[in-house]
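Remarks on the structure that follows.
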Amino acid sequence: MITRMSSLFLRTLREDPADAEVPSHRLLVRAGYVRRVAPGGFSWLPLGLRVLRNIERVVREEMDAMGAQEIQFPALLPREPYEATNRWTEYGPNIFRLKDRKGADYLLGPTHEELFALTVKGEYNSYKDYPVSLYQIQTKYRDEARPRAGILRGREFLMKDSYSFDLDDEGLVRSYHAHRDTYIRIFDRLGLKYVIVSAMSGAMGGSASEEFLAEAETGEDTYVRSTGSDYAANVEAVITPAPPEQSIADKPDAQVHHTPGTPTIASLVDFLNTKTELGRTFTAADTLKNVLLKMRQPGATEWTLLAVGLPGDREVDMKRLEAALEPAEVALLEDADFAANSFLVKGYIGPGALTANGVRYLVDPRIVRGTAWVTGADKADHHVVDLVCGRDFTPDGTIEAAEVREGDPAPDGKGTLVAARGIEIGHVFQLGRKYADVFGLDALGPDGKPIRITMGSYGVGVSRLVAVVAEQSYDESGLIWPRVVSPYDIHVVIAGKDETVRAGAEKLAADLDGAGLSVLLDDRTSSPGVKFADAELVGVPTILVVGRGLANGVVEVKDRATNERTEVPVADVVNHLVALVRG
RNA sequence: CGGGAUGUGGCGCAGCUUGGUAGCGCACCCGCUUUGGGAGCGGGGGGCCGCCGGUUCAAAUCCGGCCAUCCCGACCA
């Protein structure tokens, strides 16, 4: 196929659009791939649509190859199924809601677990029907609080979502891994640099959920990776390696010290080192900080107290804490709560009062049996030194609530952690029976008894991938597409108005087309400089320049990624390019 | 929802302090010249200056209110 730029619906911009910050947004607008029509809403122009369709094709081929079957739901959905799962309420302001002429409630689908579960229930009844995996590639709607970064986070976007249905947990794990492997193939084919991070804490069940994050400085998701292995994880999922337990026998007795005016860790450490004669130097890491919180299970009205103990040099990471306590709601204790619980002496809280008053006490994994701590003595202006875990206090358990810092040892014991940023491009998730329970999705088993189906849910952000690929592949002149997603195989530039040059280029374009390549032919009357600049901006990986060399029987093949130019005899160029593209 | 900024042809911007017939660059149209790195000259088309109200003989410009958009944060299957 040959597309002539003289008639292509395209207008490139010489300057960056004022509202674009991230490279993908800037370049996709400048190069005429997309145009903004509303906050978080973009139209796809011919070049952009071709890239989107190419990515969609890769996703579809791999989904089909794994045996998933494609179906399609409406984006406009009735309220009832989402009411049944309580998501009509849970989604809050994040879904688009609308009413029909009769006043009935509808929504624009943000994700389709309900519909898939209901559809399978409607069609399948026997255990012989399972397992099955279904998917769709469909427009999703979410009323994001703040759409941003062009098509990286829009309110309307194209997503591939799929769902697996299995008779038992082993089947779910198989389906999960089939999807995971498929996603690896998809992202590898797209030439992306990405990591797979565990998205949930160990307490919630290992690999039940993993995210695929494309490496990008502009990414919204922070994760950590190890310097010594390929370990990578969401900050919420990092497991703190516990130090070895220590002997209790050789520890000195706990002693209470009068430590006036030391309500903070810094003031306490300073006091211990300058105003006491303990014969050693303390740091914040030697102190045990007890943070008081309150938590509430979903649906409950009463808050219960919770204390988290952690080394004094670490802050509580509320996101990690929330992830560890999910689905419970959690909040820091307020002054009124302290007033209502007089045994809590703010600034001087120790494990003693907590345990004595039945407050659930969870500690950081670094606080193991045999470790000695400086902590509050439950009395204003008093701290206790050498309070030993397992001897002087016994926590109710451990919790991953402390902040993760660069330089922390990696959980696998190899290397240390460093922070990195990424963009979520895929998510695999063992849903379990949540939706099957709500809708009564059962298969009739061989013994005549119903078997509750277990589901997996898997997503790929198809339109987002256009921006993510761009984000990982561009230079100061413009986009640089990998061949699989490039809008065309070859960009032919006619450099010169000479009629023989034009005719030669037309002939070559026709030959390339005949050899099965897609060709973007710049047959415009503009000056060569304009055409070169546009070719670099548009980003087709191979540019064929037909110009002054033609008289000597050569044309120029330019590699967009390296900007290397090689002269190739006209007679060989078609074969040369076919080999390049088929590579 | 908090903080910051900005709204002037399709795009990028100036003009606003000090009110007086709306301007520049890119893009677009016509003519001539030009054609290997965003051509030159000449001629042209296109704007309810975000919206509403106020002040004034006169408002893009001053005052008040509203709306919208972008950025940072909170939020985000």
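Numbered continuously in the numbering used here, the first sequence closes out at residue 805. Glycine residues also receive a C-beta, built at the ideal position from the N, C-alpha and C atoms. Bear in mind the structure is a predicted one, so any value in this text is a computation, not a measurement.
The beta carbon of SER228 sits closer than 7 Å to the beta carbons of ASP745 and ARG746 from its chain, once the five residues preceding and following it are set aside; these are given in chain order. Residue burial is scored here from C-beta neighbours: MET223 has fewer than 16 other C-beta atoms within 10 angstroms and is therefore classed as exposed. Minimum Cα-Cα distance from PHE754 among the listed residues GLU778, LEU734 and LEU772 corresponds to GLU778.
Judged by DSSP in its simplified three-state form, LYS516 adopts strand.
The stretch 631–642 and the stretch 448–465 touch, with three or more beta-carbon pairs separated by less than 8 Å.
Beta bridge pairing from DSSP links SER348 with LEU666. Cβ-Cβ distances below 8 Å link THR526 to LYS516, MET517, ARG518 and ARG582 in the same chain, with the five nearest sequence neighbours on each side left out; the list follows chain order. When DSSP states are grouped into helix, strand and coil, GLN652 belongs to the strand group. A Cβ-Cβ contact shorter than 9 Å links GLY598 with VAL606. Where ASP733 is concerned, there is no enclosing beta strand (DSSP E), although the alpha helix (DSSP H) around it starts and stops at 721–736.
Nearest to PRO482 by C-alpha distance, out of GLU392, THR341 and ALA602, is ALA602. Per DSSP, the continuous alpha helix (DSSP H) segment holding MET285 begins and ends at 268–287. Secondary structure in the stretch 306–331: the alpha helix (DSSP H) runs of 4 residues or longer, each lying completely within the stretch, are 309–312 in chain order. DSSP places LEU766 in the strand class (E or B) of the three-state scheme. Nearest in C-alpha terms to THR784, of all of GLY775, ARG536 and GLU758, is GLU758. A Cβ-Cβ separation of about 5 Å places ILE470 in contact with GLY592 under the 8 Å criterion. Distance from GLN694 to LEU250 at the Cβ level is roughly 13 Å; contact not present, criterion being Cβ atoms closer than 8 Å. If you draw a 10 Å sphere on the C-beta of GLN477, you find fewer than 16 other C-beta atoms in it, and that means exposed.
For PRO369, no beta strand (DSSP E) segment is defined, and its DSSP state is neither H nor E. If you check the CB distance, LEU663 and PHE387 come in under 9 Å. Residues of the same chain with a CB within less than 7 Å of the CB of ILE673, apart from the 5 flanking positions on each side, are TYR349, LEU389, ASP664, ALA665 and GLY667 in chain order. Around LEU802, the same chain offers THR764 as residues with beta carbons nearer than 7 Å, after the five sequence neighbours per side are excluded.
In the DSSP assignment, MET677 forms a beta bridge with PHE387 and GLY654. Rounded to whole angstroms, ASN316 and GLY331 show a C-alpha spacing of 11 Å. In the assembly as shown, SER246 is a buried residue. Its beta-carbon has 16 or more other beta-carbons within 10 Å. In the same chain as VAL280, and ignoring 5 residues on each side of it, the C-beta atoms closer than 8 Å to its own belong to ILE408, ARG411, LEU412, VAL706 and VAL707, in chain order. In summary, GLN291 is exposed, with fewer than 16 beta-carbon neighbours lying within 10 Å of its beta-carbon over all protein chains present. Where VAL626 is concerned, there is no enclosing alpha helix (DSSP H), because DSSP gives it neither an H nor an E. Counting along the chain, LEU356 sits inside the beta strand (DSSP E) bounded by residues 354–363.
Secondary structure at GLY574: helix, using DSSP grouped into helix, strand and coil. Considering only ASN276, VAL596, LYS382 and PHE565, the residue with the shortest C-alpha distance to ILE293 is LYS382. For TRP310 against ARG323, the beta-carbon gap comes to about 20 Å, at or over 8 Å, which does not count as contact. Per DSSP, the continuous alpha helix (DSSP H) segment holding GLU693 begins and ends at 684–694.
In the assembly as shown, GLU622 is a buried residue. Its beta-carbon has 16 or more other beta-carbons within 10 Å. By the CB criterion at 9 Å, GLU378 and TYR363 fall inside the cutoff.
Excluding its 5 nearest sequence neighbours in each direction, LEU576 has C-beta neighbours in its own chain below 6 Å: ALA529 and TYR583, listed in chain order.
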